[in-house]
Amino acid sequence: MVNCSLCEKPAVYINRISGKAYCKKHFLEYFDKKVRRTIRKYKMFGPKEHIVIAVSGGKDSLSLLHYMVKLSKRVPRWKISALLIDEGIKGYREYTKEDFIRVCKELGVEYKIASFKEYFGYTLDEIVMVGREKKLPYQPCSYCGVFRRYLLNKVAREMGATVLATAHNLDDIVQTFMMNIINNNWDKIIRLAPVTGPLDHPKFVKRVKPFYEILEKETTLYSLLNNLYPKFVECPYARFNIRWMIRRQINELEEKYPGTKYSLLRSLLRIISILEKHKDEVIQGEIKTCKICGEPSAHEVCRACLYRYELGIMNDEDRKKIEEVMK
Amino acid sequence: MIEVVVIRIVDGSKEWKISIGQERIKVRELLEKIGLLSNEYVVVKNGQVVSEEEIVNDDDEIVLYPVVSGG
Ligand code: SF4
Ligand SMILES: [Zn+2]
Ligand SMILES: [Zn+2]
């Protein structure tokens, strides 16, 4: 049996870089220290905040919610709320939504659910079908990501959030980094910083990623040890995503060369600081306000409105406005 | 009767039965034998969460909790 390096109890986790083993109690302490260090290092929160946690109902976001509610007990002027975006993915989201509501009630935290259906008139399943009929060149995850990010910002702002926290972990971040290198998307790489947002546009809610330096294996273990691990359901669209393959490649490297993910993260932070100095070259023009919906946007018309237009799921008035702008 | 290690994914989607015999084998090596990476699973052996360096014997029951999830 492998024992904890600190107390000799049975180990539940080994940090393969330091070689240290942790029992349940010492793993949770290690986890807490690591997250608090991340929060401090990147100055994620001030003493008075309304923190809205973006929760999907998956293990990572439930862990973040659980962790932040516990941490907030020590900070009197923090308010925590949870926000779930219901994309409308049959056979998946209805299950994670149940877990979400249960955990929110257990933790006694206020929550809100905002759905694609109520804001855009269509579920993601319907959108994907329309997109396929119209032979649009987009993958399900593209619509999903654009519309979800759009709603997260808009609804969090309407809830009065001073900061929006997402559960992206170290694995997510380095996978997205690799995907964006492959696609030559340097503007998106800048947005992979641990803290992004508020200065660029008044309608952008500041965004933070408290699990930025936490491995997905660690968030999973946290969820398991706190009874938050959901019935394992997977989004039916996940395998259409190139992320699936990149993740496997990075995990194979990590298995052979522990520390690979941290190295990638250091490279990412370095390149972000270099890119920040050349912002004009990377990001074309200022952040604008979408002429159709009034939300912050990189272009005259935001991605969400453009998708709605291409899908033909937009009202006539907005459609005419877009055609006017694009003339 | 041949004694075996039973390994399964928690949602019941896959199951393996492997005989180890006298070999001293670690969780990490066992997963490697069936083509899995230890950093993609949290491993529960006979009801206890264990690290990937834990020794496995015939007769053990292993449940794997996937770390990677979609969406
Ligand atoms: S896997 Fe793709 S479609 Fe499914 S929830 Fe994630 S981003 Fe959306
Ligand atoms: Zn210990
Ligand atoms: Zn718009």
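Protein sequence lines correspond, in order, to chains A and B. The first sequence begins at 1 in this note's numbering and counts up one residue at a time. The second sequence begins at 1 in this note's numbering and counts up one residue at a time. Even for Gly, the Cβ is constructed at its ideal location relative to N, Cα and C. Nothing here was measured: the structure is a model prediction, and the numbers come from that model.
Query raised in the report: For A:Arg207, does the count of other Cβ atoms within 10 angstroms reach 16, so buried, or fall short, so exposed?
Result: buried
Query - Residue closest to A:Pro10, alpha-carbon to alpha-carbon, out of B:Gly35, B:Glu32, B:Glu54, B:Tyr41 - result: B:Glu54
Query raised in the report: Shorter than 9 Å from the beta carbon of A:Glu286 to some beta carbon of chain B?
Result: At a cut-off of 9 Å between beta-carbon atoms, A:Glu286 makes no contact with chain B.
Query raised in the report: In chain order, what residues of the same chain have a beta carbon less than 6 Å from the beta carbon of A:Pro258, not counting five sequence neighbours either side?
Result: Arg16, Ile17
Query raised in the report: For a contact meaning CB atoms closer than 9 Å, what does A:Met1 contact in chain B?
Result: Val50, Glu54, Ile55
**Report entry** Selection from A:Tyr42, A:Glu8, A:Ile39 that minimises the alpha carbon distance to A:His26
**Finding:** A:Glu8
Query - C-alpha gap between A:Ala304 and B:Val6, whole angstroms - result: 48 Å
Requested in this report: Examine the Cβ distances between the segment 48-61 of chain A and the segment 69-85 of chain A and report whether three or more of them are shorter than 8 Å.
Outcome: Two segments are said to touch when three or more pairs of C-beta atoms, one from each, lie closer than 8 Å; by this definition the segment 48-61 of chain A touches the segment 69-85 of chain A.
Query raised in the report: Should B:Val5 be flagged as near chain A, meaning a C-beta pair shorter than 9 Å?
Result: no
Query raised in the report: So does A:Glu8 have its beta carbon nearer than 8 Å to some heavy atom of ligand 2?
Result: yes
Query raised in the report: Is the beta carbon of A:Gly88 less than 9 Å from the beta carbon of A:Glu126?
Result: In this structure, the beta-carbon distance from A:Gly88 to A:Glu126 falls below 9 Å.
Query raised in the report: Apart from the five residues on each side of it in sequence, which residues of its chain come closer than 7 Å, Cβ to Cβ, to B:Ile20?
Result: Val5, Val56, Asn57, Asp58
Query - Span separating the alpha-carbon of B:Ser13 from that of A:Thr289 - result: Going by C-alpha positions, B:Ser13 is about 47 Å away from A:Thr289.
Query - Nearest-residue set for ligand 3, Cβ under 7 Å from any heavy atom - result: Every residue passing the under-7 Å Cβ criterion appears here: A:Cys290, A:Ile292, A:Cys293, A:Glu295, A:Ser297, A:Val301, A:Cys302, A:Ala304, A:Cys305.
Query raised in the report: Below 9 Å between beta carbons: does that hold for B:Val10 and B:Pro66?
Result: yes
Query raised in the report: Is it true that the CB of A:Ser63 sits closer than 9 Å to the CB of A:Asp86?
Result: The answer is no: Cβ separation not under 9 Å.
Requested in this report: Tell me A:Ala165's beta-bridge partners as DSSP assigns them.
Outcome: DSSP, once it has assigned bridges, lists A:Ile53, A:Val208 as partnering A:Ala165.
Requested in this report: Could you check which residue in B:Asn39, B:Gln48, B:Glu61 has the C-alpha nearest to that of A:Thr220?
Outcome: B:Asn39
Query raised in the report: Are the C-beta atoms of B:Leu37 and some chain A residue less than 9 Å apart?
Result: yes
Query - Where the alpha helix (DSSP H) through A:Leu275 begins and ends - result: 260-276
Query - Local conformation of B:Val49 per DSSP, three classes - result: If DSSP states are grouped into helix, strand and coil, B:Val49 belongs with the strands.
Query raised in the report: What residues from chain B crowd round A:Thr289, counting only those whose CB sits closer than 8 Å?
Result: Residues of chain B passing the Cβ test: none, with the nearest at roughly 30 Å.
**Report entry** Neighbourhood of B:Glu3 by C-beta, 6 Å cutoff - its chain only, sequence neighbours within 5 removed
**Finding:** Asp58, Asp59
Query raised in the report: Counting contacts by CB-CB distance shorter than 9 Å, is B:Ser69 in contact with chain A?
Result: Output row for B:Ser69: interface = yes.
**Report entry** Helix, strand or coil at A:Asp86 [DSSP, three-state]
**Finding:** strand
Report task. State whether the segment 259-270 of chain A contacts the segment 173-190 of chain A, with contact taken as three or more CB pairs (one from each stretch) at a distance under 8 Å. Result -> yes
Report task. Buried or exposed for A:His66, please, with buried defined as at least 16 other CB atoms from any protein chain shown within 10 angstroms of its CB. Result -> The residue is buried, with at least 16 neighbouring Cβ atoms inside 10 Å.
Requested in this report: Alpha carbon to alpha carbon, how far is B:Glu15 from B:Arg8? Give it in angstroms, no decimals.
Outcome: 4 Å
Query raised in the report: Distance, Cα to Cα, A:Arg247 vs A:Val282?
Result: 26 Å
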